[in-house]
Structure formats: C-alpha cells, structure tokens
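Student: Here it is: the structure, laid out below.
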Amino acid sequence: MTRREMAAVVTRYTQWDGTQRLKLDADKVFEKLAEYLSYTDDVRQAMDWMMRQGMDFDGVKVMGLEEFIEQLRQEMRQRYRDFNLKNALSEMEQKLEDILNRERATLESMKGQKPGIEEKQRELSRMPRRLSEAMRKLESHEFEDAQAKEDFDQLLEEYENIRDLENFRDRNQHMFHGPKSLGYEDALELMREMERMRQLEQDLMSGNFDTISMEDLQQILGQQASKDFQNLKQVMVLLTQSGYMVPKGDHFQLSPKGVRRIGQLALRDIYQNLLKDRSGGHMTDHRGVTEMRPEQTKPYAYGDPLNLNLVATLKHALARKAGVPLELRPEDFEIYENDYASSSSTVLCLDMSWSMSWEGRFAAAKKVAMAMETLIRSKFPRDYFSIVGFYTRAVELKLKDLPEASWNMGDPFTNLQDGLRLASDLLGRHPSRNQHIIVITDGQPTAYFLNKRLYCEWPLSFGGISMRAAQETLKEVERITRKGITINTFMLDDSPSLRAFVDKMTQINRGRALFTRPDHLGEYMLVDYLSKKRKRV
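Numbering of the sequence shown is given in the numbering used here, commencing with residue 2 and proceeding in unit increments.
This is how it looks when you write it as structure tokens:
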C-alpha cells in the first residue's frame, strides 16, 4: 500500500443502532450459558432460558425468543383492533343467491312442461344457511339454467377458500372488532396472514430454529427483526460449533471442554469477589517441597521464589547498558525453574439433600466444587481432589456429571456418615502428607448405616436432632481422625442443632467449622484452601 493509499484510509465510529452486523464470540456466549446453568441442573433448560430471555454483550442486546413472540402478538393484536369480519363472505353469499334466483326463475318458467321441476323447486327452497354447506348440496343439483350452471361452477372453484374462511370467521369473529370491514379477498388474505402468524408463534414457542420461517418472520415483523433473529441463531451456532456442546440424541450436552470452562468461570467469579474484599494479590502456588531445576530458567515474576541465576541477570543489565556502576532493573532478573511435590489430598463432601434447594444453597455449593476442581487441576496438578455427594446415600461425583448434578428430592435424608466413609476410602487410595475432607452442609444427619443396613429417621422436632444418626456419624468422625485426616465444615444454616453437632465434630477432629451464607461460600472456601497451600511441608 502506498503512502497516498494509507492516507486515504478513514475509520469512522458510530453509535450502535441495531442495524450493524453483530459479531459474537463463542467464549462470551458460553459464559452467558454458564450464568443460566448456575440456576438449574439441566443444560437443556439453561439453553432454553438463555434463548428465550436473550442476552447482553457489552451493552448490545441479543433479542430472545420471548421478545420475538411479544412483537408477533402485538402485530396480531393490531389486526384485531383494525378489522372486522362481518362482511367477509357477503360477496360470495350474494353470488350464490344470484345463481339460485336465476335457477328458480328458470324452473318457474318450465313448471308443468317437464317432469321433476316441482321437486327441484322444493330442493332449492330447503338450502342450508351456511354458505359452504349450500354449495356442497347444490353440487348434486341438475341445473336447468345454463348460465346459472356456469356461474356455479366458477363459484365452486372457491369452495375450499370459502369453507376455510367460514371456519376462520366462526372461530375468530369475536376477536376482530375494528372499524374496517373486510371484503372476501381482503379477509382471505388476512386469514392466511393470521395462519402464518400463529404457525410462526408456535415455532418460536417451541424453540425449534429449523422450523422457523425466516421469510414469514421478515414479512410480518420487518427487516430489523430478521437481522435480530439471525443474531440469535448465531448464538445457537456458536454454542454447537465451539466444542463446548456435543449432540446427544435429540439435544445437546456439555462436552469435557464445556465442563472445564464452567469450572474456570466459577473460579474467576469467586476470585473477582475476593478482589473486591481483599487488598493485595494471592501468593504463588508452592506445592510442598521445591527442587530447583538449574537447566531451565525464566524471567522473574512477582511471587516467584527468588532462586536467582546471577550470570543471566547481569547479562541482561549489561546488554541494556554497558559500564559501571551496573544498573539493575526488575526485568533483568532471571531465576531458575522449580519442581514442586504434591502436598495434599482433598475430598469435598457436598450435601445433596432436599433442604439444599433453599436459598440457592446447592447452586452455590456446586459452583464452588467446580471452581475448586479447576483451581487444583490448573494450579496444583499434583494434588488429589475428588467430590462426594451425600443424601440418603453417598456417591462419588465425576466432573463431567457435576454441572447437571442436583439436590435429591427422592432421597431427602442426610447421610453424612456414608459421605465421610466414602471420602475416607478415596483418600486411602491417594495417600499424601496432608489429607483433608471439606464438608458443605445445611443440616444435621438423619440417615446412617449400621451393620450394612440403612436407617433413616426424622428429627425429634423441626430443626431438632436425629440422635442415633448423629451418634453413628460421630463414630465415623473418630475413625477418620485416627487416620490423621482433617475435617473442615462449612455450614449454610446457623440453626442451634446444626451448630451443636458440628461443634462435637470439631472437638473430636480438631478441624475448623464456619457458618457462611451461600453467596460467600466460594470466597471462604478458596481462602481456606489457599492458606493451607502457603505452608511449606
């Protein structure tokens, strides 16, 4: 490009007015889906909510299906206010009446000249009042008047339209109360337009993008609505082509990439809340004992161990400015890389009983679980981390199942004993110098196993204690304590009975107990976990 051509390039910035082509980013789109997924355990429901409610991207709104449906219904209501159907079939009814009058006159003139004339006259005198039924009956009539026969054959070509318009008028006449009476042709056009509108409404409500007619949408709602809908379809395409979603039967589910991304977003959200409340940065991730690697170096970054490569550092300073005195700057520092040894194994025990559905408790706990998994996998890859869900029984939760995991209405009891037992078994398979169980719960135990038999018992009163379940759970706490495993408990309810039970747990195990609201759970848990990582082992 020549200097003159470069000088001719002009960039203009204009305010967004909705006519510009919106370029969407797959990561931002998926981030919106993750927001909706935090309110439900069903990916399909989260996608449906997002596509129906629409979304904002940096101040630019992508219309959702509900807004298109509302625009469409406004158009339908406007037609109800503008038109009436009182005279929709008057023209056709008059044509049939003219045909009948012509045939009657001919029959009257032939009376007494031909047999059967009186019978035809009686037949025409008993015609149905409904236009389409009269036409169907007249179809079998043998006309004596040739012109009447020709006119009726022409009218009969409109039979299906007349029948459909009659049915449309009968169903909808009470809704059309506008000042303008429509004739046959205009009423027929209105009927077809309303049918397209209702079909479009059904397709929009179903959320099936493949069946939605872009031609009808543009004709009815206009060019701008068509562009807006293309933006919404682009959202759907990005979700399916980005690798975050994979098809499963007739719907989509999260791919491993999508599950990992949700964990990253959960971790980011929690860190952002931390940064609002705390000054300074997080310390570097020392994973236990470090071993310097003299064969590999890197530029120093704040928080790194200062294992200085002195020769490389001086070379950087001299390359920038030779001579004495030597001038060192932070960017000159070169340090040796370090290997870090694994220092901890952690199992998160997540209460999945029915009461966790209250006040957003389970959604907050699940978000924290995904954030912790992401944190440990990315920052402390040699640490072991697993998740156990407990309700009437305990199960290990795999990462791929976590986004759609939910509190269990069918098994409403709280079997913390089985959750601790399973967590202890998992830690036994992954020994390390520091072993921890983190419990997130909102109620005291109400179920337990004894001699391999499951027992469930309701508390003695609302918010009260299930005595035997509490005793058996504390026995499991004692067994875990003897193994050197620390139990830290985060309570999402501050009822006296729960506090009393958790106090007994901490007296036995010497772990920590903390009450927190669901919206602060993530901050407290990550601070607690990271504080342990700062300790050299």
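Cβ coordinates follow ideal geometry from the N, Cα and C atoms, glycine included.
Using the beta-carbon count (16 or more within 10 Å), is lysine 367 buried or exposed?
Tutor: Buried, by the Cβ-count rule.
Student: Can you say whether valine 260 is buried or exposed, counting buried as having 16 or more other CB atoms within 10 angstroms of its CB?
Tutor: Per the 10 Å Cβ criterion, buried.
Student: On the DSSP bridge assignment, give the partners of alanine 395 in chain order.
Tutor: DSSP lists Phe391 as partners of alanine 395.
Student: Which word fits methionine 215, buried or exposed, when buried means at least 16 other C-beta atoms lie within 10 angstroms of its C-beta?
Tutor: Per the 10 Å Cβ criterion, exposed.
Student: Among residues of its own chain, excluding the 5 on either side of aspartate 278, which ones have a beta-carbon nearer than 6 Å to its beta-carbon?
Tutor: Confidence is the limiting factor: at aspartate 278 the pLDDT is only 41, short of 50, which leaves the residue's position unreliable and the question unanswerable from this model.
Student: What are the partner residues of lysine 249, as DSSP defines its beta bridges?
Tutor: DSSP, once it has assigned bridges, lists His252 as partnering lysine 249.
Student: Extract the residue ranges of the beta strand (DSSP E) inside the region 440-512, only unbroken runs of 3 or more that lie entirely within it.
Tutor: Counting whole runs of 3 or more residues, the region 440-512 contains the beta strand (DSSP E) stretches 448-451, 454-457 and 487-492.
Student: Mind checking whether arginine 103 and alanine 135 have CB atoms under 7 Å apart?
Tutor: Cβ distance not < 7 Å, so arginine 103 and alanine 135 don't count as in contact.
Student: Excluding five sequence neighbours on each side, which residues of the same chain lie with their C-beta closer than 7 Å to the C-beta of isoleucine 509?
Tutor: The answer, listed in chain order, is Leu475, Val478, Glu479 and Thr482.
Student: My output table needs one value for alanine 514: the three-state DSSP class, helix, strand or coil.
Tutor: Here alanine 514 sits in strand by DSSP.
Student: Do you know how far the Cα of methionine 371 is from the Cα of valine 290?
Tutor: For valine 290, the pLDDT reaches just 46, beneath the cut-off of 50, and the residue's location in the model is therefore unreliable, leaving the point undetermined.
Student: Which runs of the alpha helix (DSSP H) spanning at least 4 residues fall entirely within the region 50-75, listed in chain order?
Tutor: Counting whole runs of 4 or more residues, the region 50-75 contains no alpha helix (DSSP H) stretch at all.
Student: Find the nearest neighbour of cysteine 1 within the set Glu161, Tyr392 and Pro300, judged by alpha-carbon distance.
Tutor: The structure shown does not extend to residue 1, since the chain is modelled only from 2 through 538, so no value can be given for it.
Student: Under 7 Å, do glycine 390 and methionine 357 count as touching if we go by C-beta distance?
Tutor: No.
Student: Looking at valine 440 and cysteine 350, is the spacing between their C-beta atoms short of 7 Å?
Tutor: Yes, the Cβ-Cβ distance between cysteine 350 and valine 440 is below 7 Å.
Student: Looking only at DSSP bridge pairs, what is isoleucine 438 linked to?
Tutor: Partner(s): Val348 and Ile488.
Student: Between which residues of its own chain and histidine 287 is the CB-CB distance below 6 Å, once the five residues before and five after are set aside?
Tutor: Any reading at histidine 287 needs caution, since the residue's pLDDT is 41, under 50, leaving its predicted position unreliable; the model's value is listed next. None.
Student: Should aspartate 43 be labelled buried (16 or more other beta-carbon atoms within 10 Å of its own) or exposed?
Tutor: Label assigned to aspartate 43: exposed.
Student: Given this structure, state the Cα-to-Cα distance separating methionine 128 from tyrosine 160, to the nearest angstrom.
Tutor: Cα to Cα, methionine 128 sits roughly 16 Å from tyrosine 160.
Student: Below 7 Å between beta carbons: does that hold for lysine 24 and phenylalanine 84?
Tutor: For lysine 24 and phenylalanine 84, no; Cβs fall outside 7 Å.
Student: By how many angstroms is the C-alpha of arginine 513 removed from the C-alpha of leucine 307?
Tutor: So the alpha carbons of these two residues sit roughly 33 Å apart.
Student: Just checking: is the beta-carbon of alanine 318 within a distance shorter than 7 Å of some beta-carbon in chain C?
Tutor: Judged by its chain identifiers, the structure shown contains no chain C, having just a single protein chain.
Student: For asparagine 416, name the three-state secondary structure that DSSP assigns.
Tutor: DSSP places asparagine 416 in coil when its eight states are reduced to three.
Student: What whole-angstrom Cβ distance do glutamate 335 and threonine 298 have, given they're in contact under 8 Å?
Tutor: Sure, about 5 Å apart at Cβ, within 8 Å.
Student: Counting only runs of 3+ residues fully inside the region 111-138, write out the beta strand (DSSP E) ranges in chain order.
Tutor: Correct list: empty.
Student: Give the single residue among Arg511, Phe363 and Glu374 whose Cα lies nearest to the Cα of threonine 442.
Tutor: Out of Arg511, Phe363 and Glu374, Phe363 has the C-alpha closest to the C-alpha of threonine 442.
Student: Excluding the five sequence neighbours on either side, which residues of its own chain have a C-beta within less than 6 Å of the C-beta of serine 243, listed in chain order?
Tutor: Excluding sequence neighbours, serine 243 sits near Ala27.
Student: Consult DSSP for serine 214 and reduce its assignment to one of helix, strand or coil.
Tutor: Serine 214: coil per DSSP, three-state reduction.
Student: Could you say which of Glu145, Glu92, Glu338 and Gly60 lies nearest to aspartate 305 if we only look at CA atoms?
Tutor: The candidate whose alpha carbon is nearest that of aspartate 305 is Glu338.
Student: In terms of residues, what are the limits of the alpha helix (DSSP H) holding serine 243?
Tutor: Segment: none, serine 243 is in no alpha helix (DSSP H) and carries neither H nor E.
Student: Provide the residue(s) that pair with isoleucine 336 in DSSP beta bridges, ordered along the chain.
Tutor: Isoleucine 336 pairs with Lys299 and Leu309.
Student: Short check: CB of alanine 471 to CB of phenylalanine 502, under 7 Å?
Tutor: For alanine 471 and phenylalanine 502, yes; Cβs fall inside 7 Å.
Student: Closest to arginine 236 by C-alpha separation, out of Met192, Tyr301, Thr314 and Asp49, would be which residue?
Tutor: The sequence given here places valine at residue 236; arginine does not occur at that position. When only C-alpha atoms are compared, the closest one is Asp49.
Student: Classify aspartate 99 as buried or exposed, calling it buried when 16 or more other Cβ atoms lie within 10 Å of its own Cβ.
Tutor: Aspartate 99 comes out exposed.
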